[in-house]
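Asks: In this text, residue positions in the sequence shown follow my numbering: the first is 48, and each later residue adds one. Beta carbons are placed, not taken as given, at the ideal position from N, Cα and C, and that holds for glycine.
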Amino acid sequence: MQSRVQNRNLKTGLLGSFIVLNLALLPIQANAKTIMVVGDSLSAGYGILPQQGWVQLLQKRLDQQYPKAHKVVNASVSGETTSGALARLPKLLQTHKPHVVVIELGGNDGLRGQPPQMMQKNLAQLIQKSQQAKATVIVFGMKIPPNYGSAYTKAFENNYRLVSQQYKVKLLPFFLEGVAGHKNLMQNDQIHPNAKAQPILLNNAYPYIKGAL
Numbered sequence: 048m049q050s051r052v053q054n055r056n057l058k059t060g061l062l063g064s065f066i067v068l069n070l071a072l073l074p075i076q077a078n079a080k081t082i083m084v085v086g087d088s089l090s091a092g093y094g095i096l097p098q099q100g101w102v103q104l105l106q107k108r109l110d111q112q113y114p115k116a117h118k119v120v121n122a123s124v125s126g127e128t129t130s131g132a133l134a135r136l137p138k139l140l141q142t143h144k145p146h147v148v149v150i151e152l153g154g155n156d157g158l159r160g161q162p163p164q165m166m167q168k169n170l171a172q173l174i175q176k177s178q179q180a181k182a183t184v185i186v187f188g189m190k191i192p193p194n195y196g197s198a199y200t201k202a203f204e205n206n207y208r209l210v211s212q213q214y215k216v217k218l219l220p221f222f223l224e225g226v227a228g229h230k231n232l233m234q235n236d237q238i239h240p241n242a243k244a245q246p247i248l249l250n251n252a253y254p255y256i257k258g259a260l
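Here is the structure:
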């Protein structure tokens with residue numbers, strides 16, 4: 048009889064400890080800041096294992112430095128354009144309610160020869176909608192091969208600078224800095240970074256994301 052009472056007390060004590068522990072964790076989880084990455088194949092992890100991508104590595108680094116304080120949502124889609132992301136953004140903002148929105152887009156617009164003015168307008172609307180949702184915005188700049196002509200490539204790159212200045216958001220000038228042009232860091236298509244390049248991409252992005260937090 049005594050052993051039954053002891054077991055019952057032990058179970059009650061463990062249950063109480065479990066509830067207290069979870070209640071202690073709730074404020075951290077409830078207040079966790081959400082970082083949403085809206086990008087293309089560079090952030091979707093095209094051609095590599097899911098856990099190897101820089102966005103997944105970002106979550107790991109944040110967990111190590113700030114346990115349970117941040118949640119990273121990867122809303123990136125391979126082949127995405129600024130137009131496609133703009134169509135998806137309202138639902139993404141409503142669903143995830145991010146504190147920080149990272150916009151890593153434009154590469155596919157450039158490769159498809161989309162008018163720079165259209166891309167600039169789309170980037171502006173992506174920033175505006177994110178800011179209206181009370182999110183801090185970071186824009187990742189891109190570059191395209193020079194064979195598109197100097198006028199087009201210059202206009203393409205200026206888009207990022209113009210919208211970041213207009214809406215006062217932080218701009219990472221070139222997301223692929225230290226990766227583009229290095230064959231050992233690119234997949235066979237020489238367009239997409241391989242697994243070795245992902246920590247470099249994270250290091251490029253992290254100061255801007257950490258600053259936004």
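1. Put Pro193 into one of helix, strand or coil per three-state DSSP.
2. Leaving out five residues before and five after Thr81 in sequence, what residues of the same chain have Cβ atoms less than 7 angstroms from its Cβ?
3. Beta-carbon within less than 8 angstroms of Lys230's beta-carbon, same chain only, minus the 5 sequence neighbours each way: which residues are those?
4. Distance, Cα to Cα, Gln245 vs Trp101?
5. Could you give the residue range of the beta strand (DSSP E) that holds Ile150?
6. In terms of residue numbering, what span does the alpha helix (DSSP H) encompassing Lys257 cover?
7. Taking all protein chains shown into account, decide if Leu104 is buried (16 or more other Cβ within 10 angstroms of its Cβ) or exposed.
8. Taking DSSP's pairing of strands, which residues face Gly86 in a bridge?
9. At the level of alpha carbons, what is the spacing between Tyr207 and Gln175?
10. Do Ala79 and Lys115 come within 8 angstroms of each other at the CB atom, strictly closer than that value?
11. Counting C-beta neighbours from all protein chains within 10 Å, is the total for Gln111 16 or more, i.e. buried, or is it exposed?
12. Out of Thr183, Lys257 and Tyr214, which one is the CA nearest neighbour of Leu170?
13. Gly196: buried (16+ other C-beta within 10 angstroms of its C-beta) or exposed?
Replies: According to the data block:
1. Sequence index remark: in the sequence shown, residue 193 carries index 146 (1-based). It is helical.
2. As a first step, residue 81 is located in the sequence shown; it is residue number 34 there, counting from the start. Closer than 7 angstroms at the Cβ level, and outside the excluded window around Thr81, lie Lys118, Val120, His143, Lys144, Pro145 and His146.
3. As a first step, residue 230 is located in the sequence shown; it is residue number 183 there, counting from the start. If we look at Lys230 and ignore the five residues flanking it on each side, its Cβ neighbours are Gln237.
4. Taking the sequence shown and counting its residues from 1, one reaches residue 245 at position 198. Taking the sequence shown and counting its residues from 1, one reaches residue 101 at position 54. Rounded to whole angstroms, Gln245 to Trp101 spans 5 angstroms at the Cα level.
5. For this step, residue 150 is matched to residue 103 along the sequence shown. Where Ile150 is concerned, the enclosing beta strand (DSSP E) stretches over Val147 to Glu151.
6. Counting from 1 along the sequence shown, the entry for residue 257 is found at position 210. It spans Gln245 to Ala259 - the alpha helix (DSSP H) in which Lys257 sits, taken as one unbroken run.
7. One-based indexing of the sequence shown puts residue 104 at position 57. Buried is the call here.
8. By 1-based counting over the sequence shown, the position of residue 86 is 39. Looking at the DSSP assignment, Gly86 forms a beta bridge with Glu151.
9. The residue labelled residue 207 in the question sits at position 160 within the sequence shown. The residue labelled residue 175 in the question sits at position 128 within the sequence shown. Going from the Cα of Tyr207 to the Cα of Gln175 covers about 14 angstroms.
10. Numbered from its first residue, the sequence shown carries residue 115 at position 68. Numbered from its first residue, the sequence shown carries residue 79 at position 32. Yes, they are a contact pair.
11. Within the sequence shown, residue 111 is the residue found at index 64, counting from 1. Its Cβ having fewer than 16 others within 10 Å, Gln111 is exposed.
12. Counting from 1 along the sequence shown, the entry for residue 170 is found at position 123. The shortest C-alpha separation from Leu170 is found at Tyr214.
13. As a first step, residue 196 must be located in the sequence shown, where it is residue number 149. Exposed is the call here.
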